[in-house]
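Under the working numbering, residues 2 to 295 are what the sequence shown spells out, in order.
All C-beta atoms in this analysis are idealised placements derived from N, C-alpha and C, irrespective of residue type, glycine included.
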Amino acid sequence: MFLDHTKITGRKFLAVTILNLIITIAEFFGGIISGSLGLLSDAVHNLEDSISIVISYVANVIGQRHNNSAKTFGYKRAEILAAFVNSSILIIITIIMIIESIRRFQKPQHIDGLLMMGVSIVGLLANVISMLALWSGSKDNLNIKATFLHMLSDTLSSIGVFVASIFIILFNWTWVDPLITIIIAIWLLKEAFDVVKETINILMEASPNIDLEAVKRCVLTVPDVVGIHHVHVWMIDENFIILDAHLNVRKKCNMDQLEVIYDQVDSLLKKEFGVSHVTLQAECTRGLKDPLID
């Protein structure tokens with residue numbers, strides 16, 4: 002099953018990469034000949050996307066490797082690193098697009114609207130296919146989501162270029178080209194920044210969006226548990242949450258009873274809060290009055 006999943010994912014990534022390279026070549030020459038900034042920025046963007054897709058695929062393969070003595074939690078964070086790199090690159094590109102668009106406002110250039118429209122249609126079709134190929138995996142995987150955002154940005158750019166070409170053909174409004182580029186770039190900045198922020202939180206081992214007071218109330222419902230402290234919660238990736246804590250239990254608990262308590266707490270945390278891995282340490286009175294987070 003693991004191998005099949007990897008093979009299917011690889012075919013999708015390869016198909017998307019080939020499509021992006023074709024789009025890059027078409028838009029590069031189309032942008033030069035037509036004079037469209039939108040097409041040229043799309044070409045550069047698609048070239049970067051091809052590199053991002055390769056990074057994403059390599060990280061995807063590495064992330065599926067099993068844990069070992071060197072990486073006891075496995076290689077899941079390879080995909081988080083890839084998501085961070087790809088989203089950071091997207092932010093840089095969108096800023097460059099905005100700067101170049103502002104320059105085009107100051108120095109308008111002649112644009113061949115018909116050629117611009119034809120190339121944008123080709124780019125739009127290919128980008129939609131690429132985007133749909135990665136759609137399902139983008140919902141639960143930050144790495145694929147970052148790559149999907151690149152595809153989505155290209156699709157929006159192609160739509161923007163197509164719309165701009167209509168205004169250029171009908172009214173010779175060349176300023177629509179850089180305007181639409183800026184609008185799309187601003188939206189992309191927000192989306193890419195959200196992914197960067199989430200990946201940084203994971204890499205910094207920030208707590209996921211879990212109410213620790215609710216965790217405490219939940220754990221204290223387990224019989225013989227009278228306290229919880231020294232709680233740490235962090236994420237290996239966006240789907241794998243780890244929690245460790247010290248539990249205060251009644252003095253008369255023996256090892257068999259402790260195992261029952263551990264199982265109950267583990268089940269509750271997984272069911273109520275989606276915690277993937279739980280590590281608990283039982284104590285009697287030590288730390289009973291300590292704060293939840295220590």
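Mark residue i as exposed unless 16 or more other C-beta atoms lie within 10 angstroms of its C-beta, in which case mark it buried.
i	result
T25	buried
T73	exposed
I1	Because residue 1 is not part of the residues shown, which for the chain are 2 to 295, the question remains open.
I93	exposed
L153	buried
S102	buried
I100	exposed
A71	exposed
R287	exposed
R251	exposed
Below 8 Å on the Cβ atoms is my contact criterion, and I expect residue i with residue j to pass it. Report the Cβ-Cβ distance as a whole number of Å.
i	j	result
N249	E284	6 Å
I242	F85	Between F85 and I242 the Cβ distance is about 19 Å, and since that is not below 8 Å, they are no contact.
P109	T175	5 Å
S89	H151	Not really, about 12 Å apart at Cβ, beyond 8 Å.
D291	V279	Actually they do not touch by this definition, with Cβ atoms about 19 Å apart.
L171	F149	No, L171 and F149 are not in contact; Cβ-Cβ is about 33 Å, not under 8 Å.
F163	M118	6 Å
L281	A246	6 Å
A27	L91	A27 to L91, Cβ: 21 Å. No contact.
Where residue i and residue j are concerned, what is the direct C-alpha to C-alpha distance, given to the nearest angstrom?
i	j	result
K77	I184	35 Å
H233	L293	9 Å
G161	G275	40 Å
L269	A207	22 Å
I29	V196	A small correction: the amino acid at residue 29 is Phe; Ile does not occupy that position in the sequence shown. Rounded to whole angstroms, F29 to V196 spans 28 Å at the Cα level.
N68	Q258	31 Å
H231	D295	5 Å
N87	E260	44 Å
V45	G36	15 Å
P209	G75	19 Å
I211	K198	17 Å
K13	M132	11 Å
Q65	K146	17 Å
Name the one or two DSSP bridge partners that residue i has.
i	result
M236	I242
V279	L244
E284	N249
H230	H247
Note down, in chain order, each residue of its chain lying with its Cβ closer than 7 Å to the Cβ of residue i, except the 5 sequence neighbours on either side.
i	result
S159	D43, S121, G124, L125 and N128
A165	G39, V177, D178 and I181
I130	L20
K217	I229 and L293
A16	A134
Q265	V223
Could you pull out every residue in the same chain whose Cβ sits closer than 6 Å to the Cβ of residue i, ignoring the five residues on either side in sequence?
i	result
W188	none
A83	I56, S57, A60 and N144
L48	T25
S277	F241 and I242
L289	G228 and N249
M236	I203, P209 and I242
Go through its chain and collect everything with a Cβ distance to residue i's Cβ below 8 Å, but skip five positions before and after it.
i	result
I34	D113 and L116
I81	L143, N144, T200, I203, L204, D238 and E239
C254	D225, I262 and A283
I23	A127
S51	T18, N21, L22 and T25
Should residue i be counted as a contact of the ligand PLP given a C-beta to heavy atom distance under 6 Å?
i	result
K252	The ligand PLP is not part of the structure shown, which contains no ligands of any sort.
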